[in-house]
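First comes the structure, then the notes that go with it.
In this note's numbering, the protein residues as written are 769 to 1054.
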């Protein structure tokens, strides 16, 4: 017989005592979700499972994200889709911006449960209706500034696959408007925003940044490049007219910085494919 150390025994008892009574929620006539939330936020022993009510077998189970609290009705919920055969288990860690998860299932004709896909939304909420999933990419959260100023571009799935046409079909503002938004941001650029060493703007327009990312995530990198080039020329002209004591070199590095950060995204391959056929597609190969 395998001996159990006192430390292991104490840990086992602690885990058992920290688990709160299970909450049970019906998915449909056959399946239910059982949620057990830990009272101890440090141990993070919360978990959820899907059970077959007919034979009481567990057909899926998963540990919850850290941060769940007993009695927190907002930390867990599930959504049945309109046809009653597809549903999402949605969970939230309880953080101010993070973290959200979605697990997607289908109920087959014979009543069997089929796991379809998982999304770790990070800072992004996950919505599900008519087999269309809406979330966002939080790759750029805090990348070049505060969270509130960070772009969180939309991500869309349809029937559990990346929805390229729906991504391209999202509304975007024309360049004339986005250019003006960016220029309005930089109306009062002062010397303390320009590096004495490189003579380049170190903190650039939040609106410029936002619209460049939005164009790229809708398959319009050509518009992103045009916006950037026109913005850059306008800023150069502004500096020259005001006879600034510092020069402004080509701010091409701003675009390079955005594209380099984009490669960190788990959706990078999808976004690259989304922009195929654009004149400036070569930016993805640099």
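All C-beta atoms in this analysis are idealised placements derived from N, C-alpha and C, irrespective of residue type, glycine included.
Could you give the C-beta distance for residue i and residue j, rounded to a whole number, given that I count them as a contact under 8 Å?
{"i": "residue 1122", "j": "residue 941", "result": "In this structure the chain extends from 769 to 1054, so residue 1122 is not present and cannot be described."}
{"i": "residue 855", "j": "residue 795", "result": "6 Å"}
{"i": "residue 894", "j": "residue 868", "result": "6 Å"}
{"i": "residue 935", "j": "residue 924", "result": "6 Å"}
{"i": "residue 977", "j": "residue 919", "result": "7 Å"}
{"i": "residue 873", "j": "residue 881", "result": "6 Å"}
{"i": "residue 990", "j": "residue 975", "result": "Not quite, the Cβ-Cβ distance comes to about 19 Å (not below 8 Å), so this is no contact."}
{"i": "residue 815", "j": "residue 831", "result": "5 Å"}
On a CA-only basis, which of the options is nearest residue i? Give me that one, please.
{"i": "residue 985", "options": "1049, 885 and 819", "result": "1049"}
{"i": "residue 1032", "options": "915, 1052 and 999", "result": "1052"}
{"i": "residue 1034", "options": "906, 868 and 794", "result": "906"}
{"i": "residue 933", "options": "953, 951 and 1042", "result": "1042"}
{"i": "residue 973", "options": "878, 1046 and 1023", "result": "1023"}
{"i": "residue 822", "options": "1020, 800 and 1054", "result": "800"}
{"i": "residue 904", "options": "975, 1045, 930 and 912", "result": "930"}
{"i": "residue 897", "options": "890, 915, 928 and 1004", "result": "928"}
{"i": "residue 910", "options": "890, 926, 987 and 900", "result": "890"}
{"i": "residue 915", "options": "1047, 892, 888 and 1044", "result": "892"}
{"i": "residue 1044", "options": "866, 988 and 981", "result": "988"}
{"i": "residue 922", "options": "983, 870 and 883", "result": "983"}
{"i": "residue 908", "options": "939, 1028 and 831", "result": "1028"}
{"i": "residue 949", "options": "995, 1006, 1004 and 900", "result": "995"}
{"i": "residue 1006", "options": "885, 912, 1020 and 951", "result": "951"}
{"i": "residue 870", "options": "876, 1054, 879 and 900", "result": "900"}
{"i": "residue 912", "options": "1037, 797 and 1026", "result": "1026"}
{"i": "residue 859", "options": "790, 887 and 1020", "result": "887"}
Helix, strand or coil for residue i per DSSP?
{"i": "residue 1005", "result": "helix"}
{"i": "residue 994", "result": "helix"}
{"i": "residue 936", "result": "helix"}
{"i": "residue 829", "result": "strand"}
{"i": "residue 999", "result": "helix"}
{"i": "residue 794", "result": "strand"}
{"i": "residue 1045", "result": "coil"}
{"i": "residue 802", "result": "strand"}
{"i": "residue 983", "result": "helix"}
{"i": "residue 843", "result": "Residue placement at residue 843 cannot be trusted, given a pLDDT of 46 that sits under 50; what the coordinates show is reported in the next sentence. In the structure shown, residue 843 sits in coil (DSSP, three-state: anything other than H, G, I, E or B)."}
{"i": "residue 879", "result": "coil"}
{"i": "residue 868", "result": "strand"}
{"i": "residue 1054", "result": "coil"}
{"i": "residue 941", "result": "coil"}
{"i": "residue 820", "result": "strand"}
{"i": "residue 815", "result": "strand"}
{"i": "residue 973", "result": "coil"}
Could you confirm whether any beta carbon from chain B is found closer than 9 Å to the beta carbon of residue i?
{"i": "residue 804", "result": "Checking the listed chains, one finds no chain B in this structure; it contains a single protein chain."}
**Q.** Within the region 882–928, ranges of the beta strand (DSSP E) (whole runs, at least 3 residues)
**A.** Fully enclosed beta strand (DSSP E) runs of 3 or longer: 895–897, 900–904 and 922–926.
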